[in-house]
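Residue numbers (UniProt numbering): 1 to 274. Every residue gets a Cβ at the ideal spot worked out from N, C-alpha and C, and that includes glycine. Here the structure is a predicted model, which is why all the values come from computation and not from measurement.
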Ligand SMILES: Nc1ncnc2c1ncn2[C@@H]1O[C@H](COP(=O)(O)OP(=O)(O)O)[C@@H](O)[C@H]1O
Ligand SMILES: [Mg+2]
């Protein structure tokens, strides 16, 4: 029998959420969802921004989209002008809920904690502070106001990502089908295991999936249970129109895929609590 061309690894163990069922009604408990990979350009910001919209608009949760990447993509996708100030890392030094930095979006219940230039030094700030759970504590305190916090993470492996792992209830890892993405997933799985005793589950998501391409098709066949987001111009349009897919084209297959992904996340969170 010919050896199958494996495009993505099968990761053994319970950290991978591989069985998805219909989502139960979400509970009121706060949860932090990190969208993270060690790789850039894989769709993290796009997924984080769209999931935050689903959390607010579909589940009716008070939701905070927290941009931890100096590139400021999440704010941009909601049409926010970048802050001239350099205050985004102050909250880490003071451990104060950053109320004055939080901005409203056009969508009911959805707020953004934008990044600014100061985020570039966040790793050094966190290392200097020496509190391993500073980000987790801030998320906990924001959890008094928000039922869902979605972290848009930069592609790094450092003190910040270690703190993200400790703060998260669930880690979404977007993977465009490629051997490099597969390696990125292996690194994330290892990092999660290294930095957290209570492993938050990892949910890999096939992102930018183009079923016309053989490699992508093979990746889909290898991992049929993983949620997927298609490569689609309507998803690209988020950056042009500065609105999420659900607002641009609610009936599109891409919007439906984000909804399915969101339901899978809510299900995973409910499963963790029970
Ligand atoms: N599913 C998709 N289909 C088409 N384009 C996409 C899709 N997801 C992301 N993109 C585009 O790919 C680029 C990188 O996406 P982004 O979300 O910024 O990645 P990351 O945050 O991982 O760097 C952006 O130009 C974005 O518009
Ligand atoms: Mg990004």
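Going by C-alpha distance, which of 59, 108, 118 is nearest residue 82? 118
I'd like to confirm something about residue 73: is its beta-carbon nearer than 6 Å to some heavy atom of ligand 2, or not? yes
Rounded straight-line distance, which links the Cα of residue 274 to that of residue 67: 29 Å
Taking the alpha carbon of residue 174 as the reference point, which residue from 106, 111, 109, 231 has its own alpha carbon closest? 231
Are the beta-carbon atoms of residue 78 and residue 105 separated by less than 7 Å? yes
Residue 135 versus residue 146 - alpha carbon distance: 15 Å
Classify residue 224: buried if its beta carbon has 16 or more other beta carbons within 10 angstroms, exposed otherwise. exposed
Do you know offhand how far residue 234's Cα is from residue 257's? 12 Å
Quick one: Cα of residue 140 to Cα of residue 220, how far? 36 Å
Identity of the residues DSSP links to residue 215 by a beta bridge: The partner list for residue 215 (beta bridge, DSSP) is empty, contrary to what the question assumes.
Taking the alpha-carbon of residue 120 as reference, which of 214, 108, 155, 137 has the nearest alpha-carbon? 155
Establish whether the CB of residue 216 and some CB of chain B are separated by less than 7 Å. The displayed structure is made up of one protein chain only, and chain B is not part of it.
What are the boundary residues of the beta strand (DSSP E) that includes residue 203? 202-209
DSSP-derived helix/strand/coil call for residue 248: helix
Under DSSP, the beta strand (DSSP E) around residue 174 begins and ends at which residues? 170-175
If you draw a straight line from the C-alpha of residue 193 to the C-alpha of residue 150, how long is it? 21 Å
Start-to-end residues for the alpha helix (DSSP H) that takes in residue 91: 90-94
DSSP puts residue 240 in a beta bridge; with which residues? DSSP output for residue 240 lists no bridge partner at all.
Does the Cβ-Cβ distance between residue 34 and residue 171 come in under 7 Å? yes
Leaving out five residues on either side along the sequence, give the residues of the same chain with a beta carbon under 7 Å from the beta carbon of residue 287. The question about residue 287 has no answer here: the residues shown for the chain are numbered 1 through 274.
Is there at least one non-hydrogen atom of ligand 1 closer than 6 Å to the beta-carbon of residue 41? yes
Anyone know if the C-beta pair for residue 61 and residue 148 falls short of 7 Å? yes
Taking only the alpha-carbon atoms, compute the straight-line gap between residue 270 and residue 49 and give it to the nearest angstrom. 22 Å
Between the C-alpha atoms of residue 37 and residue 85, what's the straight-line distance to the nearest angstrom? 27 Å
Distance cut-off 6 Å: residue 127 Cβ against heavy atoms of ligand 2: no
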